[in-house]
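Using the UniProt record's numbering, read the sequence shown as starting at 1 and increasing by one per residue.
The next block holds one structure in the form of C-alpha coordinates; read it before the comments.
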Amino acid sequence: MSITAEPTTTAPAAGPLLRDHRVPADGIHEGPRLLRRLPEGTEDRPYERFTLVPQGPLIGAEIRGLDLSRPLAEAHRAELDRALLEWKVLFFRGQHLTSAAQRDFARAWGELETNALLAAGDAEDVVRFDRSQVPTFENVWHADTTFRENPALGAVLQLREVPPYGGDTLWADMAAAYDNLPEAVRERVEGLRAVHDYLPGFARFTSADHLAAFQATFPPVEHPVVRRHPRTGRRTLFVNTSFTTRVTGLPQEESDRLLRYLFQQAHVPEYQVRFHWRAGDVAFWDNRATQHYASGDYAGHRRVAERVAVVGDRPH
(Lines of atoms letter the chains of each structure in order from A and count residues from 1; the text may use other names and numbers.)
(Lines give C-alpha, C1' and ligand atoms only; values in the text may rest on other atoms or scores of the structure.)
Protein backbone atom coordinates (compact mmCIF):
# COMPACT_ATOMS: atom_id res chain seq x y z
CA MET A 1 0.00 0.00 0.00
CA SER A 2 1.46 3.25 -1.04
CA ILE A 3 0.83 6.66 0.49
CA THR A 4 0.87 9.76 -1.63
CA ALA A 5 1.93 12.87 0.29
CA GLU A 6 -0.24 15.92 -0.01
CA PRO A 7 1.54 18.95 -1.54
CA THR A 8 2.78 21.39 1.12
CA THR A 9 3.75 25.08 1.16
CA THR A 10 6.28 26.68 3.48
CA ALA A 11 4.98 29.70 5.30
CA PRO A 12 7.45 32.49 5.94
CA ALA A 13 8.82 32.42 9.44
CA ALA A 14 7.05 34.86 11.70
CA GLY A 15 9.22 37.53 13.27
CA PRO A 16 9.24 38.18 16.99
CA LEU A 17 6.24 40.08 18.23
CA LEU A 18 7.40 43.45 19.54
CA ARG A 19 5.49 45.65 21.89
CA ASP A 20 4.39 49.05 20.63
CA HIS A 21 7.17 51.58 20.70
CA ARG A 22 7.95 55.07 19.44
CA VAL A 23 10.62 57.75 19.63
CA PRO A 24 9.37 61.29 20.35
CA ALA A 25 9.38 63.42 17.24
CA ASP A 26 11.26 66.34 18.80
CA GLY A 27 14.68 65.41 20.12
CA ILE A 28 18.23 64.48 19.16
CA HIS A 29 18.62 61.10 17.49
CA GLU A 30 21.52 58.90 16.48
CA GLY A 31 22.63 58.55 12.88
CA PRO A 32 24.89 60.17 10.32
CA ARG A 33 25.40 63.93 10.57
CA LEU A 34 26.48 66.44 7.97
CA LEU A 35 29.78 67.96 9.19
CA ARG A 36 30.65 70.74 6.76
CA ARG A 37 33.39 73.03 8.04
CA LEU A 38 33.55 75.44 5.09
CA PRO A 39 30.79 77.18 3.17
CA GLU A 40 29.84 75.32 0.02
CA GLY A 41 32.23 76.14 -2.83
CA THR A 42 35.01 77.46 -0.55
CA GLU A 43 38.50 76.17 -1.32
CA ASP A 44 40.37 74.61 1.62
CA ARG A 45 43.65 76.53 1.37
CA PRO A 46 46.76 76.16 3.55
CA TYR A 47 47.98 78.85 5.95
CA GLU A 48 51.34 80.43 5.22
CA ARG A 49 52.10 82.76 8.16
CA PHE A 50 51.54 80.42 11.10
CA THR A 51 50.94 76.77 11.87
CA LEU A 52 47.32 75.73 12.31
CA VAL A 53 46.60 72.49 14.17
CA PRO A 54 42.97 71.32 13.90
CA GLN A 55 41.36 70.18 17.14
CA GLY A 56 38.65 68.29 15.29
CA PRO A 57 37.18 67.99 11.79
CA LEU A 58 34.67 70.82 12.14
CA ILE A 59 35.46 73.45 14.75
CA GLY A 60 38.48 74.61 16.73
CA ALA A 61 42.14 75.01 15.80
CA GLU A 62 45.33 75.81 17.70
CA ILE A 63 47.50 78.54 16.19
CA ARG A 64 51.27 78.16 16.66
CA GLY A 65 54.06 80.53 15.75
CA LEU A 66 52.48 83.88 16.66
CA ASP A 67 53.27 86.19 19.56
CA LEU A 68 50.06 88.08 20.28
CA SER A 69 51.84 90.59 22.53
CA ARG A 70 53.26 92.22 19.40
CA PRO A 71 51.24 94.22 16.84
CA LEU A 72 49.94 92.07 14.02
CA ALA A 73 51.12 92.80 10.50
CA GLU A 74 48.13 93.19 8.18
CA ALA A 75 49.01 90.00 6.28
CA HIS A 76 48.98 88.02 9.56
CA ARG A 77 45.73 89.65 10.68
CA ALA A 78 44.06 88.83 7.37
CA GLU A 79 45.12 85.20 7.53
CA LEU A 80 44.00 84.90 11.16
CA ASP A 81 40.66 86.41 10.12
CA ARG A 82 40.29 83.69 7.47
CA ALA A 83 41.17 81.04 10.05
CA LEU A 84 38.55 82.43 12.43
CA LEU A 85 35.86 82.25 9.75
CA GLU A 86 36.87 78.73 8.73
CA TRP A 87 37.47 77.20 12.21
CA LYS A 88 35.16 79.44 14.34
CA VAL A 89 37.38 79.32 17.45
CA LEU A 90 41.17 79.71 17.63
CA PHE A 91 43.45 78.74 20.53
CA PHE A 92 46.82 80.28 21.39
CA ARG A 93 48.87 78.56 24.10
CA GLY A 94 51.05 80.34 26.67
CA GLN A 95 50.59 83.94 25.54
CA HIS A 96 50.44 85.59 29.01
CA LEU A 97 49.15 88.87 27.61
CA THR A 98 48.77 92.06 29.58
CA SER A 99 45.26 93.51 29.55
CA ALA A 100 46.50 96.22 27.19
CA ALA A 101 47.93 93.65 24.76
CA GLN A 102 44.73 91.63 24.90
CA ARG A 103 42.71 94.74 24.07
CA ASP A 104 45.08 95.69 21.24
CA PHE A 105 44.73 92.24 19.69
CA ALA A 106 40.93 92.37 19.86
CA ARG A 107 40.85 95.91 18.43
CA ALA A 108 42.31 94.57 15.19
CA TRP A 109 38.74 93.25 14.56
CA GLY A 110 36.83 96.40 15.46
CA GLU A 111 35.42 98.57 18.20
CA LEU A 112 35.37 97.01 21.66
CA GLU A 113 32.20 96.31 23.61
CA THR A 114 31.68 97.40 27.22
CA ASN A 115 29.46 95.48 29.63
CA ALA A 116 28.52 97.16 32.90
CA LEU A 117 26.51 94.08 33.90
CA LEU A 118 29.77 92.23 34.63
CA ALA A 119 32.80 92.95 36.81
CA ALA A 120 35.39 95.10 35.08
CA GLY A 121 39.06 94.26 34.79
CA ASP A 122 41.76 96.89 34.40
CA ALA A 123 39.56 98.87 32.01
CA GLU A 124 35.85 99.09 31.27
CA ASP A 125 36.25 97.12 28.04
CA VAL A 126 37.89 94.22 29.91
CA VAL A 127 35.52 91.90 31.79
CA ARG A 128 36.91 89.78 34.64
CA PHE A 129 35.44 86.47 35.77
CA ASP A 130 36.90 85.59 39.18
CA ARG A 131 35.49 82.32 40.44
CA SER A 132 37.20 82.27 43.84
CA GLN A 133 33.83 82.24 45.61
CA VAL A 134 31.12 81.25 43.10
CA PRO A 135 32.05 78.09 41.11
CA THR A 136 30.67 79.34 37.78
CA PHE A 137 27.57 80.66 36.09
CA GLU A 138 28.43 80.17 32.43
CA ASN A 139 27.68 76.45 32.41
CA VAL A 140 24.86 76.72 29.91
CA TRP A 141 25.07 76.88 26.12
CA HIS A 142 24.91 80.49 25.01
CA ALA A 143 26.20 83.17 22.65
CA ASP A 144 27.40 86.43 24.17
CA THR A 145 25.27 89.59 24.39
CA THR A 146 22.54 88.52 21.98
CA PHE A 147 20.30 90.81 24.08
CA ARG A 148 21.92 93.77 22.28
CA GLU A 149 20.76 95.12 18.94
CA ASN A 150 24.30 94.44 17.71
CA PRO A 151 25.55 91.31 19.52
CA ALA A 152 29.28 90.78 19.84
CA LEU A 153 31.18 89.82 16.68
CA GLY A 154 33.55 87.74 18.77
CA ALA A 155 35.52 87.62 21.99
CA VAL A 156 39.10 87.15 23.16
CA LEU A 157 39.34 85.25 26.46
CA GLN A 158 42.50 84.68 28.48
CA LEU A 159 42.81 82.49 31.58
CA ARG A 160 44.88 84.22 34.26
CA GLU A 161 44.53 81.48 36.85
CA VAL A 162 43.31 77.92 36.36
CA PRO A 163 42.02 75.33 38.82
CA PRO A 164 43.97 72.09 39.31
CA TYR A 165 41.31 70.27 37.31
CA GLY A 166 38.13 71.10 35.39
CA GLY A 167 37.12 74.50 34.12
CA ASP A 168 37.25 73.55 30.42
CA THR A 169 35.31 75.58 27.86
CA LEU A 170 33.35 73.99 25.01
CA TRP A 171 32.21 75.61 21.75
CA ALA A 172 29.53 74.40 19.34
CA ASP A 173 29.25 75.18 15.62
CA MET A 174 25.74 76.56 15.11
CA ALA A 175 25.99 76.35 11.32
CA ALA A 176 26.33 72.59 11.70
CA ALA A 177 23.39 72.67 14.11
CA TYR A 178 21.31 74.35 11.42
CA ASP A 179 22.56 72.07 8.62
CA ASN A 180 21.37 68.99 10.50
CA LEU A 181 17.88 70.17 11.37
CA PRO A 182 15.20 68.07 9.69
CA GLU A 183 13.96 69.69 6.52
CA ALA A 184 10.51 70.21 8.04
CA VAL A 185 12.05 72.13 10.95
CA ARG A 186 14.22 74.26 8.64
CA GLU A 187 11.08 75.18 6.71
CA ARG A 188 9.22 75.95 9.92
CA VAL A 189 11.86 78.31 11.35
CA GLU A 190 12.60 80.12 8.08
CA GLY A 191 11.66 83.76 8.56
CA LEU A 192 10.79 83.43 12.26
CA ARG A 193 12.08 85.97 14.75
CA ALA A 194 12.71 85.61 18.47
CA VAL A 195 12.98 87.93 21.45
CA HIS A 196 16.29 88.21 23.34
CA ASP A 197 16.50 89.70 26.84
CA TYR A 198 19.39 90.17 29.28
CA LEU A 199 17.29 89.26 32.34
CA PRO A 200 17.15 85.43 32.14
CA GLY A 201 20.91 85.11 31.70
CA PHE A 202 21.85 87.47 34.53
CA ALA A 203 19.04 86.90 37.04
CA ARG A 204 20.68 83.67 38.20
CA PHE A 205 23.59 85.52 39.83
CA THR A 206 22.71 89.23 39.96
CA SER A 207 20.42 91.07 42.38
CA ALA A 208 17.13 92.50 41.17
CA ASP A 209 18.22 95.99 42.25
CA HIS A 210 21.32 95.80 40.04
CA LEU A 211 19.39 94.37 37.09
CA ALA A 212 16.63 96.98 37.31
CA ALA A 213 19.10 99.77 36.55
CA PHE A 214 19.71 98.37 33.05
CA GLN A 215 16.15 97.81 31.82
CA ALA A 216 16.11 101.07 29.88
CA THR A 217 19.61 100.46 28.52
CA PHE A 218 18.85 96.94 27.33
CA PRO A 219 15.19 96.60 26.29
CA PRO A 220 14.21 93.27 24.71
CA VAL A 221 15.25 92.99 21.06
CA GLU A 222 14.24 90.74 18.18
CA HIS A 223 16.65 88.74 16.04
CA PRO A 224 16.03 86.13 13.34
CA VAL A 225 15.90 82.55 14.61
CA VAL A 226 18.24 81.71 11.72
CA ARG A 227 20.76 84.39 10.82
CA ARG A 228 23.04 84.59 7.81
CA HIS A 229 26.67 85.03 8.73
CA PRO A 230 27.67 88.46 7.36
CA ARG A 231 31.02 87.18 6.05
CA THR A 232 30.46 83.57 4.99
CA GLY A 233 26.76 83.72 4.12
CA ARG A 234 26.09 80.49 6.03
CA ARG A 235 22.84 80.06 7.89
CA THR A 236 23.37 79.64 11.63
CA LEU A 237 20.91 78.81 14.38
CA PHE A 238 20.71 82.00 16.45
CA VAL A 239 18.74 81.25 19.63
CA ASN A 240 20.30 80.40 22.98
CA THR A 241 19.26 79.32 26.46
CA SER A 242 20.58 82.38 28.32
CA PHE A 243 18.87 85.17 26.42
CA THR A 244 16.17 83.93 23.99
CA THR A 245 12.76 84.12 25.68
CA ARG A 246 10.13 83.47 23.01
CA VAL A 247 9.46 83.14 19.30
CA THR A 248 7.55 86.15 18.02
CA GLY A 249 4.00 85.45 16.89
CA LEU A 250 3.68 81.96 18.40
CA PRO A 251 1.55 81.01 21.41
CA GLN A 252 3.76 80.69 24.50
CA GLU A 253 3.42 76.90 24.78
CA GLU A 254 4.29 76.38 21.11
CA SER A 255 7.17 78.86 21.37
CA ASP A 256 8.57 77.11 24.46
CA ARG A 257 8.44 73.70 22.79
CA LEU A 258 10.16 74.94 19.63
CA LEU A 259 12.86 76.77 21.60
CA ARG A 260 13.54 73.71 23.78
CA TYR A 261 14.09 71.70 20.63
CA LEU A 262 16.35 74.31 19.05
CA PHE A 263 18.35 74.83 22.27
CA GLN A 264 19.15 71.10 22.31
CA GLN A 265 21.04 71.29 19.02
CA ALA A 266 24.14 72.80 20.66
CA HIS A 267 24.44 69.65 22.79
CA VAL A 268 25.54 67.37 19.92
CA PRO A 269 29.20 66.35 20.48
CA GLU A 270 29.96 66.16 16.75
CA TYR A 271 29.42 69.92 16.54
CA GLN A 272 31.71 70.70 19.48
CA VAL A 273 35.31 71.28 20.50
CA ARG A 274 36.54 71.21 24.11
CA PHE A 275 39.55 73.19 25.34
CA HIS A 276 41.54 72.42 28.49
CA TRP A 277 43.08 75.66 29.73
CA ARG A 278 46.53 76.41 31.07
CA ALA A 279 47.36 79.80 32.60
CA GLY A 280 48.19 82.31 29.87
CA ASP A 281 46.19 80.57 27.14
CA VAL A 282 43.99 82.65 24.85
CA ALA A 283 40.87 81.72 22.87
CA PHE A 284 39.33 83.87 20.12
CA TRP A 285 35.91 82.87 18.84
CA ASP A 286 33.33 83.97 16.30
CA ASN A 287 30.26 84.75 18.38
CA ARG A 288 28.11 84.95 15.23
CA ALA A 289 28.72 81.29 14.39
CA THR A 290 29.12 79.55 17.76
CA GLN A 291 27.78 79.01 21.23
CA HIS A 292 29.97 78.18 24.22
CA TYR A 293 29.74 76.50 27.63
CA ALA A 294 32.10 76.89 30.60
CA SER A 295 32.19 73.66 32.56
CA GLY A 296 31.47 74.22 36.26
CA ASP A 297 33.36 71.24 37.67
CA TYR A 298 36.03 72.90 39.85
CA ALA A 299 34.11 73.99 42.97
CA GLY A 300 36.43 75.04 45.80
CA HIS A 301 39.18 76.16 43.42
CA ARG A 302 39.91 79.47 41.77
CA ARG A 303 39.50 80.24 38.07
CA VAL A 304 40.21 83.77 36.83
CA ALA A 305 39.58 84.84 33.24
CA GLU A 306 39.50 88.13 31.37
CA ARG A 307 37.46 88.74 28.24
CA VAL A 308 37.43 91.45 25.62
CA ALA A 309 34.50 91.48 23.18
CA VAL A 310 34.30 93.09 19.74
CA VAL A 311 31.16 94.97 18.69
CA GLY A 312 29.23 93.14 15.96
CA ASP A 313 26.53 93.95 13.45
CA ARG A 314 22.76 93.59 13.53
CA PRO A 315 21.78 89.99 12.68
CA HIS A 316 19.94 89.41 9.40
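Backbone N, C-alpha and C define an ideal beta-carbon position, used for all residues, glycine too.
Checking the sheet assignment: what are the DSSP bridge partners for residue i?
| i | result |
| --- | --- |
| W171 | V273 and H292 |
| R193 | P224 |
| L259 | Bridge partners of L259: none, in fact. |
| A309 | E113 and A155 |
| A120 | V127 |
| A176 | Paired residue(s): none; A176 is not in a bridge. |
| residue 337 | This structure cannot settle anything about residue 337, because the visible part of the chain is limited to 1 through 316. |
| V282 | F92 and Q158 |
| V304 | D130 and E161 |
| T51 | R64 |
Would you kindly work out how many angstroms separate the C-alpha atoms of residue i and residue j, rounded to a whole number?
| i | j | result |
| --- | --- | --- |
| G65 | L90 | 13 Å |
| L192 | P219 | 20 Å |
| Q158 | L17 | 58 Å |
| S295 | A266 | 14 Å |
| L199 | S242 | 9 Å |
| L259 | V185 | 12 Å |
| E161 | H96 | 11 Å |
| G312 | P151 | 5 Å |
| H21 | G60 | 39 Å |
| T114 | P24 | 43 Å |
| R231 | Y165 | 37 Å |
| R70 | A101 | 8 Å |
| T98 | G300 | 27 Å |
| H316 | H142 | 19 Å |
| L211 | A116 | 10 Å |
| D144 | N240 | 9 Å |
| P182 | G27 | 11 Å |
| G94 | G280 | 5 Å |
| D122 | E254 | 45 Å |
| V268 | L118 | 29 Å |
| E138 | A203 | 12 Å |
| S207 | A213 | 11 Å |
| V140 | R19 | 37 Å |
| L68 | G249 | 46 Å |
| H29 | L35 | 16 Å |
| H76 | F92 | 14 Å |
Short check: CB of residue i to CB of residue j, under 8 Å?
| i | j | result |
| --- | --- | --- |
| R307 | L153 | no |
| W109 | V310 | yes |
| F263 | T169 | no |
| Y293 | G167 | no |
| Q55 | A172 | no |
| T217 | A175 | no |
| V226 | Y261 | no |
| L58 | Y271 | yes |
| V195 | T245 | yes |
| E79 | E43 | no |
| N180 | R33 | yes |
| F284 | V156 | yes |
| L84 | D286 | yes |
| V304 | D104 | no |
| L52 | I63 | yes |
| E149 | R257 | no |
| L112 | A120 | no |
| D197 | F147 | yes |
Regarding residue i and the ligand MG, is the C-beta to nearest heavy atom distance less than 7 Å?
| i | result |
| --- | --- |
| P46 | The model depicted lacks the ligand MG and carries no ligand whatsoever. |
Using a beta-carbon distance below 8 Å, is residue i in contact with chain B?
| i | result |
| --- | --- |
| D20 | The chain labelled as chain B is not found in the depicted structure, where only one protein chain is given. |
Contained beta strand (DSSP E) runs [length at least 3] in the region 53-102, N- to C-terminal order: 61-64 and 89-92
Contiguous beta strand (DSSP E) assignments of at least 3 residues, all confined to the region 224-249: 226-228, 235-237 and 244-247
Touching by the beta-carbon criterion (3+ pairs, under 8 Å), the region 219-228 and the region 109-126: No contact exists between the region 219-228 and the region 109-126.
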